[in-house]
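>
Numbering (the working numbering), first residue to last: 76 to 332.
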C-alpha cells in the first residue's frame with residue numbers, strides 16, 4: 076500500500092504540545108479543557124495515549140498517575156471508568172479516553188496522536204493500545220495522524236489503520252537519558268532505520284537535534300519534518316530553518332502562511 080501522506084494542515088498550523096495547557100488557567104496537559112482551548116485558538120493539537128487495564132486508549136502522557144493527579148501507581152492498573160473519575164491537578168477534568176477527545180476536536184484542527192511506548196525499550200508490541208487507537212479513529216473525520224518512538228507501534232498501525240498517516244517520534248537517543256535502553260539500541264534508533272519499513276510519511280524530531288545528517292537527508296528526500304518541543308520564540312526561529320512545523324508550549328506560537 077502507498078505511504079499515506081501527512082495532510083497539509085500539519086505543516087502550517089502550529090501544534091499545541093499536550094494541547095493548549097496552562098495549569099494557572101485550570102487547563103492541565105492533555106485535559107479536555109486544554110483541548111477545547113486549542114480548538115478555540117485554532118491550533119493543532121498533539122496528545123499522548125496510554126493503555127488502561129481494560130484495553131482503552133487513555134489521553135495521558137505519563138506511565139504513572141503520581142505527577143498529574145492525587146493518585147499513585149501505574150495508569151495501566153486502572154480501568155477507563157476509574158481513570159475518568161480521577162481528577163487532574165488544578166482541574167475539574169478526569170482523565171479522558173481517546174474517543175472523548177476525538178469528539179471534542181471533531182475534525183476542526185489537526186490532531187497528532189503519540190502512542191506511548193509501553194515498555195520504554197522500543198521492542199515488539201502486543202498491539203492492544205494500537206488496536207484501541209485504530210478503533211477510535213475508524214469513524215473519525217478530520218486531519219489526524221499517529222506517531223511513536225517505538226517503530227513496532229507504527230508498523231502495527233500500518234496494518235490496523237492503513238489509511239491513517241503514520242510517523243516516527245525521533246531524537247538523538249542519548250543513552251544517559253534513555254537508560255536502561257542499551258547503548259547499541261540507542262545508536263541504531265538515532266539513525267531512524269525503520270522509517271521505510273514502518274511506511275512512515277513524516278518524523279517529529281527533537282528540535283535541539285534537527286541538524287543531524289539523517290534528519291536533513293530525509294528532508295532533502297521530501298519528508299515532512301515536525302519537531303518537539305519549542306518553548307520560546309528564539310528556539311522556534313532556529314527550528315524552522317529545518318522543520319516544516321513545530322510542536323510548542325508555554326507561549327503563543329505564531330501562525331505561518
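We put the beta carbon where it would ideally sit given N, CA and C, even for glycine.
For residue 296, which three-state DSSP category applies?
The answer is coil: DSSP assigns residue 296 none of H, G, I, E or B.
> If the criterion is Cβ atoms closer than 8 angstroms, does the pair residue 85 and residue 171 meet it?
Not in contact: residue 85 and residue 171 (Cβ atoms no closer than 8 angstroms).
> Just how far apart, CA to CA, sit residue 50 and residue 297?
Within the shown structure, residues of the chain are numbered from 76 to 332, placing residue 50 beyond reach of any answer.
> Does the beta-carbon distance from residue 241 to residue 266 come in below 8 angstroms?
No, Cβ-Cβ distance for residue 241 and residue 266 is not below 8 angstroms.
> Whose CA, out of 157, 269 and 275, lies closest to the CA of residue 238?
For residue 238, the nearest C-alpha among the options comes from 275.
> Alpha carbon to alpha carbon, how far is residue 321 from residue 125? Give it in angstroms, no decimals.
Rounded to whole angstroms, residue 125 to residue 321 spans 23 angstroms at the Cα level.
> Which term fits residue 222, buried or exposed, when burial requires 16 or more other beta carbons within 10 angstroms of its beta carbon?
Buried: at least 16 other Cβ atoms inside 10 Å.
> Using the beta-carbon count (16 or more within 10 Å), is residue 107 buried or exposed?
Residue 107 should be labelled buried.
> Let's see if you can read the secondary structure: which residues bound the alpha helix (DSSP H) around residue 274?
First-last for residue 274: undefined, no H or E at that position.
> Between 193, 269, 150 and 188, which lies nearest to residue 81 when the distance is taken from Cα to Cα?
Per the Cα distances, 188.
> Would you call residue 119 buried or exposed, if buried means 16 or more other Cβ atoms sit within 10 Å of its Cβ?
Its Cβ being crowded by 16 or more others within 10 Å, residue 119 is buried.
> To which residues of the same chain is residue 202 closer than 6 angstroms at the C-beta, ignoring the five residues directly before and after it?
Answer for residue 202: 231, listed in chain order.
> With a threshold of 6 angstroms on Cβ separation, who are the neighbours of residue 37 within its own chain once the five nearest residues in sequence on each side are excluded?
Limits of the chain in this structure are 76 at one end and 332 at the other, which puts residue 37 out of reach.
> Taking the alpha-carbon of residue 227 as reference, which of 212, 270 and 259 has the nearest alpha-carbon?
Comparing Cα-Cα distances from residue 227 to each of 212, 270 and 259, the minimum goes to 270.
> For the beta strand (DSSP E) holding residue 219, just list the boundary residues, first then last.
First-last of the beta strand (DSSP E) with residue 219: 219-223.
> For residue 309, which of 277, 319, 205 and 282 has the nearest alpha-carbon?
Checked all of 277, 319, 205 and 282; the closest Cα to residue 309 is 282.
> Of all the options 182, 278, 200 and 248, which has the alpha carbon lying nearest to the alpha carbon of residue 317?
Taking only the C-alpha atoms, the option nearest residue 317 is 278.
> For residue 77, which of 142, 234, 280 and 260 has the nearest alpha-carbon?
Closest option to residue 77, Cα to Cα, is 234.
> Within 10 Å of its beta-carbon, does residue 236 have 16 or more other beta-carbons around it, so buried, or fewer, so exposed?
Looking at its Cβ environment, which holds 16 or more other Cβ atoms inside 10 Å, residue 236 is buried.
> Going along the chain, which unbroken runs of the alpha helix (DSSP H) with 4 or more residues stay wholly within the segment 223-266?
Complete alpha helix (DSSP H) runs here, min 4: 226-235, 250-253 and 258-264.
> Quick check on the DSSP output: what are the complete alpha helix (DSSP H) runs of length 4 or more inside the segment 95-177, in order along the chain?
Those alpha helix (DSSP H) runs which fall completely within the segment 95-177 and span 4+ residues are 107-116 and 155-159.
> Can you give me the Cβ contacts of residue 325 inside the same chain, cut-off strictly under 8 angstroms, excluding the 5 residues immediately before and after it?
So the list reads 306 and 307, once near-sequence residues are dropped.
> Report the residue from 79, 87 and 83 whose alpha carbon sits nearest the alpha carbon of residue 329.
Nearest option by C-alpha distance: 87.
> Between which two residues does the alpha helix (DSSP H) harbouring residue 309 extend?
Here the alpha helix (DSSP H) through residue 309 covers 308-314.
> Measure from the alpha carbon of residue 116 to the alpha carbon of each residue in 156, 149, 183 and 159, then state which is nearest.
Out of 156, 149, 183 and 159, 183 has the C-alpha closest to the C-alpha of residue 116.
> Taking C-alpha atoms, which residue in 132, 261 and 177 lies nearest to residue 251?
Checked all of 132, 261 and 177; the closest Cα to residue 251 is 261.
> Hey, residue 132 and residue 151 are a contact pair by Cβ (cut 8 angstroms); roughly how many whole angstroms apart?
With a Cβ gap of about 12 angstroms, residue 132 and residue 151 do not count as contacting.
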